[in-house]
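Before any comments, here is the structure.
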Amino acid sequence: MVLAASAQAGMVTDNHGNVGYDTAAECDAAVAAGNAKFYEPFTHQPPLKRAGEVDVKVMKLGQLAGYEKGACDLGVGRRDNRDGVGRALIGKYVPYGPNMSVNVYFDAAGTPVRATMQQCDNNFKGDLPRPVGSQVAAASSECYANVLTPAKFENKTEQVLKVPATKRFEPVAATFKTVSEEVVISPAITKQIPIPATYKTVTEQVLVRPESFREEPVPPTYKTVTEQVLVKPEGKRIEVIPGTFKRVSEQVMVSPERKELKVIPATYADKEDTVVDRPATTRVETVPATYKTVSEQVLAKAESLRYEPIALPLKTIKEEVLRSEASAKLQASRSSVKTVTEQVVVKAESKRLIQVPAVYDTVTERIKVADASKEWKRGRAWIGKAIDVRPLRGFVVGKDGKVDGASVDLQGATADNTRLDDDVMCLVEVPEQYQTISRQVLRTPATVREEIIPAEYGTVTRQVMNQEAAASEQEIPATYQTITRQVIDIEKLKAAGYKFDDKGDIVAAPNGDRVLRAGALMGAGAKSAGAESGTEGYVREIKIPAEYKTVSRQVVDQPASVRTIEVPGTTKVVKTRVVATPARTEEIVIPAVYKTVEREVVDQAPSTREIKIPAVYKTVERRVVDTPASTRKIPVPAVYETVKRRVIDTPASFREEVIPAITKTITRQVIDQPASLREVEAPAQYETLTYQVKVAEGKTEQRAVLCETNATPTKITEIQRALKAAGFEPGPLNGVLRAQTMRAVNQYQQSKGLPVDGFLNLETVKSLGVSPN
Numbered sequence: 000m001v002l003a004a005s006a007q008a009g010m011v012t013d014n015h016g017n018v019g020y021d022t023a024a025e026c027d028a029a030v031a032a033g034n035a036k037f038y039e040p041f042t043h044q045p046p047l048k049r050a051g052e053v054d055v056k057v058m059k060l061g062q063l064a065g066y067e068k069g070a071c072d073l074g075v076g077r078r079d080n081r082d083g084v085g086r087a088l089i090g091k092y093v094p095y096g097p098n099m100s101v102n103v104y105f106d107a108a109g110t111p112v113r114a115t116m117q118q119c120d121n122n123f124k125g126d127l128p129r130p131v132g133s134q135v136a137a138a139s140s141e142c143y144a145n146v147l148t149p150a151k152f153e154n155k156t157e158q159v160l161k162v163p164a165t166k167r168f169e170p171v172a173a174t175f176k177t178v179s180e181e182v183v184i185s186p187a188i189t190k191q192i193p194i195p196a197t198y199k200t201v202t203e204q205v206l207v208r209p210e211s212f213r214e215e216p217v218p219p220t221y222k223t224v225t226e227q228v229l230v231k232p233e234g235k236r237i238e239v240i241p242g243t244f245k246r247v248s249e250q251v252m253v254s255p256e257r258k259e260l261k262v263i264p265a266t267y268a269d270k271e272d273t274v275v276d277r278p279a280t281t282r283v284e285t286v287p288a289t290y291k292t293v294s295e296q297v298l299a300k301a302e303s304l305r306y307e308p309i310a311l312p313l314k315t316i317k318e319e320v321l322r323s324e325a326s327a328k329l330q331a332s333r334s335s336v337k338t339v340t341e342q343v344v345v346k347a348e349s350k351r352l353i354q355v356p357a358v359y360d361t362v363t364e365r366i367k368v369a370d371a372s373k374e375w376k377r378g379r380a381w382i383g384k385a386i387d388v389r390p391l392r393g394f395v396v397g398k399d400g401k402v403d404g405a406s407v408d409l410q411g412a413t414a415d416n417t418r419l420d421d422d423v424m425c426l427v428e429v430p431e432q433y434q435t436i437s438r439q440v441l442r443t444p445a446t447v448r449e450e451i452i453p454a455e456y457g458t459v460t461r462q463v464m465n466q467e468a469a470a471s472e473q474e475i476p477a478t479y480q481t482i483t484r485q486v487i488d489i490e491k492l493k494a495a496g497y498k499f500d501d502k503g504d505i506v507a508a509p510n511g512d513r514v515l516r517a518g519a520l521m522g523a524g525a526k527s528a529g530a531e532s533g534t535e536g537y538v539r540e541i542k543i544p545a546e547y548k549t550v551s552r553q554v555v556d557q558p559a560s561v562r563t564i565e566v567p568g569t570t571k572v573v574k575t576r577v578v579a580t581p582a583r584t585e586e587i588v589i590p591a592v593y594k595t596v597e598r599e600v601v602d603q604a605p606s607t608r609e610i611k612i613p614a615v616y617k618t619v620e621r622r623v624v625d626t627p628a629s630t631r632k633i634p635v636p637a638v639y640e641t642v643k644r645r646v647i648d649t650p651a652s653f654r655e656e657v658i659p660a661i662t663k664t665i666t667r668q669v670i671d672q673p674a675s676l677r678e679v680e681a682p683a684q685y686e687t688l689t690y691q692v693k694v695a696e697g698k699t700e701q702r703a704v705l706c707e708t709n710a711t712p713t714k715i716t717e718i719q720r721a722l723k724a725a726g727f728e729p730g731p732l733n734g735v736l737r738a739q740t741m742r743a744v745n746q747y748q749q750s751k752g753l754p755v756d757g758f759l760n761l762e763t764v765k766s767l768g769v770s771p772n
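At position 638 of the sequence shown (counting the first as 1) the number is 637 in numbering that gives the first Met the number 0, and the numbers step up by one without a gap.
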């Protein structure tokens, strides 16, 4: 609540130089202008606890919530065994600085309930002084209170990308057509009719035994020879030659050179220094954060790829192909045929593409929907989490809806005052707020696998040659025919700017786009035959760029900070004894000590020499071949005999008779259009997120309330009677404004549609039919 004061200009000074102002507005203006002389106590008294107070602490007035600028309080005289201000300042508004030391009394719950001047324990006008700027001057019957209007929020819906757009390849099945063709069951053959040969008798000499030779052996001859053989090979023997020694004299070190230190003591002198008596301190002042709106681009559609088939240029070529192979015409004995059964292809082997769907993983992630902040909460239930606690009385919310840069929980700040534990405001940290969303990510893309459909066969019976006719051959030359066909024009592709690799495959288009083999894209592992073969298909890879959209959000422009105000320290002069000449050491060198010793050393080292041992031989006799065994040839004449025999006069021959081939018409299925892949775009999936955004800041407005000077026990009793008459229970009619009376006031305000603001406002007092004066 605020107190009204009459508008009388003027300032009063007492005997101790302390000043007082006629009105609260004048006092507030002087403090705001920086020319107010803050009150300084001139007596000394220890702290004195009252009933219900269990602890007292010395604090700065500015440390209490709402007293950062100090206080302008109405001066009072002596009461409760303690003085107030000087007689000249009683009834005047006295300025108190934020750095003034005060005794703060706490109840059993740890809540500050009263404050006095620390040096003299003098009283303020109430339990707590009036903060600077908390009162608004009005008519003598009206006072005003700052009432918080909560901030407005609205729901905002935004779509976020859950699964990006992808592409999948869908197989297009091959199509078949039925064709009829003639197959040979029995090939055309030539039947040969034999014509017998004619014979005649001839007389001739035939060789019964040809001329030959008879071999007769000649035995070998031997002789005796003498030769030397090795009995023991040449060797080597190692002989050791011992070493010789001699005596020598040399000097050895008995003790090494060393150094000794000689200590020279320090000398001292007296010195005066200026030292810090009271160190400089600092006072921290909070500077609230500022925000700015930034626009950023977010991914709306991910980058993807598109494949387009390449139309390959063709050229027409002519080539000679074999029509019938070279053969031979046989003039021989009659051939024979046999009937065989064999399988022929009715439906050729084909391939079928089966789609393998993509595999997705569901991932859960947390996204931040609100930054960490600080917020003022009402009630002692928050004290355990509070980083600052202030009494509700005198808690003033700024025009921006914040106190010390922190937002205020307006719902709690406008409580009904019916609970005694709601009389404090606690500054608590509100952690970052996250929302968990689930989305699917691609683990394995959709593919196709190739399944081979086996060929279908039919059984046919036909006659084949069993035994060819044995006769002379007559060569029949091969025949050829000219055919025209189209092939890929590689030269034209190269001239157009297409790039090829070492295997002959196209790898890049003229504009630099990547070119892929269609078979490799479909997952076929077969080796490429090259573009020149005409059997490979190629596609061009086209990159579709990602799409972005611009979103705006608020970010911290300048974070909240603190400003440090330096309070200079004081110094004093002290005398100390200091070293004039420091202690030192001198280094003395002590030379090394040597002595002469004799010892034996090697004069000539031991060695070895090598002695050769000659080889041992002996003489032996043995028998060897002088002339080897041989043979000699003796000629044997040939033997002849006269015989008669029958020879062919006219050789047998054949007459050819052609038997035509036997054929059969069969029907089978062949591939009309081979299986292929069709590219299907899978659209991106989005998820809708709904969250709250602030559209209007909380604000304070001034509302007329019953002045404290008018809230006399008689006036409170009138209000209690009016509430009871209206059907609301205010408790005892004792003229004391307690929680039960305020609960009845709030119930009455709700039933009448009046503002429920936790105050006894004038609109409610007038509605009850009670005069506010």
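Note that the Cβ used here is the ideal one computed from N, Cα and C, for glycine as well.
For T220 and D625, which I take to be in contact (beta-carbon distance under 8 Å), what is that distance rounded to the nearest angstrom? With a Cβ gap of about 5 Å, T220 and D625 count as contacting.
Could you spell out the range, first to last residue, of the alpha helix (DSSP H) harbouring T763? Its alpha helix (DSSP H) spans residues L761 to S766.
For T740, count neighbouring Cβ atoms within 10 angstroms of its own Cβ and tell me buried if that reaches 16, exposed if not. T740 is buried by the Cβ-count criterion.
Where the beta strand (DSSP E) containing I240 begins and where it ends: That run of the beta strand (DSSP E) goes G234 to I240.
Only counting the same chain, and skipping five residues up and downstream in sequence, which positions put a Cβ closer than 8 Å to that of H43? For H43, where only same-chain residues beyond five positions count, the Cβ hits under 8 Å are Q118 and C119.
May I have the straight-line CA-CA distance separating V293 from A724, to the nearest angstrom? Cα atoms of V293 and A724: separation of roughly 59 Å, rounded to the nearest angstrom.
Bridge-paired residues (DSSP) for W375: DSSP lists V407 and L426 as partners of W375.
Can you look up M58 in the DSSP assignment and give me helix, strand or coil? If DSSP states are grouped into helix, strand and coil, M58 belongs with the strands.
Return no unless some Cβ of chain D is closer than 8 Å to the Cβ of P195. Included in the structure is just one protein chain, with no chain D present.
Whole angstroms are fine: how far does the CA of T763 sit from the CA of L753? Cα to Cα, the separation comes out at about 7 Å.
May I have a chain-ordered list of the beta strand (DSSP E) segments no shorter than 3 residues that lie completely inside the region 38 to 101? DSSP runs (the beta strand (DSSP E)) wholly in the region 38 to 101: 54 to 59, 70 to 73 and 92 to 95.
Less than 8 Å between C-beta atoms, sequence neighbours within five positions excluded: which residues of the same chain meet that for E39? Same-chain partners within the cutoff: H15, G16 and N17.
Under three-state DSSP, which class holds N14? Look at N14 here: in three-state DSSP terms it is coil, with no helix or strand label.
Y104 by DSSP, collapsed to three states: which one? In the three-state scheme derived from DSSP, where H, G and I count as helix and E and B as strand, Y104 is classed as strand.
Among D79, V286, V429 and V239, nearest to Q560 - alpha-carbon criterion: Correcting the residue identity first, residue 560 is Ser in this sequence and not Gln. When each option's Cα is compared against that of S560, the closest is V286.
Let me know the secondary structure DSSP gives V755 once reduced to three states. Residue state, collapsed to three classes: coil.
Quick one: grab the DSSP three-state call for S527. Of the three classes helix, strand and coil, the one that applies to S527 here is coil, per DSSP.
Three-way DSSP call (helix, strand, coil) for L847 in this model: Lying before the first or after the last residue shown, residue 847 is absent from the chain, which here runs from 0 to 772.
Can you name the start and end residues of the alpha helix (DSSP H) that I316 belongs to? It is not in any alpha helix (DSSP H) - I316 instead sits in the beta strand (DSSP E) that spans L313 to S323.
When S335, V440, E565 and Y547 are compared against Q466, the one with the closest alpha-carbon: Checking every option, the nearest Cα to that of Q466 belongs to S335.
Looking at the strands, I want to know which residues DSSP matches up with F175. The secondary-structure analysis by DSSP pairs F175 across a beta bridge with I670.
What does the alpha-carbon distance come out to for the pair N416 and E717? Its pLDDT being 46, under 50, N416 is placed unreliably in this model, and the value from its coordinates should be taken loosely. Taking C-alpha positions only, N416 is separated from E717 by approximately 20 Å.
May I have a chain-ordered list of the beta strand (DSSP E) segments no shorter than 3 residues that lie completely inside the region 264 to 297? Runs found: 266 to 277 and 280 to 286.
Does DSSP classify S139 as helix, strand or coil? Because S139 sits at a pLDDT of 42, beneath the cut-off of 50, its placement in the model cannot be relied upon, and the point is left open.
For D21, tell me which candidate among I612, R81, R78 and M10 has the shortest Cα-Cα distance. Comparing Cα-Cα distances from D21 to each of I612, R81, R78 and M10, the minimum goes to M10.
Under the three-state reduction of DSSP, which class applies to P714: helix, strand or coil? The displayed chain sequence assigns Lys, not Pro, to residue 714. DSSP places K714 in helix when its eight states are reduced to three.
For the candidate residues I382, D13, T446 and K401, whose alpha-carbon lies nearest to that of M421? The amino acid at residue 421 is misidentified as Met; the sequence shows Asp. Across the set I382, D13, T446 and K401, the C-alpha of I382 shows the shortest separation from the C-alpha of D421.
V646, enclosing beta strand (DSSP E) - first and last residue: From DSSP, the beta strand (DSSP E) with V646 extends over V638 to T649.
Quick one: using the 10 Å Cβ neighbour count with 16 as the cut-off for buried, is A23 buried or exposed? Answer is buried; the Cβ neighbour count reaches 16.
Excluding the 5 residues flanking V774 on each side, which residues of the same chain have their C-beta closer than 8 Å to its C-beta? Any question about residue 774 goes unanswered here, given that the chain covers just 0 to 772.
Here's the rule: buried if 16 or more other CB atoms are within 10 angstroms of the residue's CB, otherwise exposed. What is P111? Taking all protein chains in view, the Cβ of P111 is crowded by 16 or more other Cβ atoms within 10 Å, so the residue is classified as buried.
Alpha carbon of A412 to alpha carbon of G76, nearest angstrom: Since pLDDT at A412 reaches only 49, below the 50 mark, its modelled position is unreliable, and the value read off the structure follows with that caveat. Their backbone Cα atoms lie some 34 Å apart in a straight line.
Residues in its own chain within less than 7 Å of A107 by CB, not counting five upstream and five downstream? Listed in chain order, the non-local C-beta contacts of A107 below 7 Å within the same chain comprise V53, local neighbours out to five positions each way being set aside.
Strand pairing of P383, partner residues [DSSP]: The question names Pro, but residue 383 is Gly in the sequence shown. Per the DSSP secondary-structure output, G383 pairs with nothing in a beta bridge.
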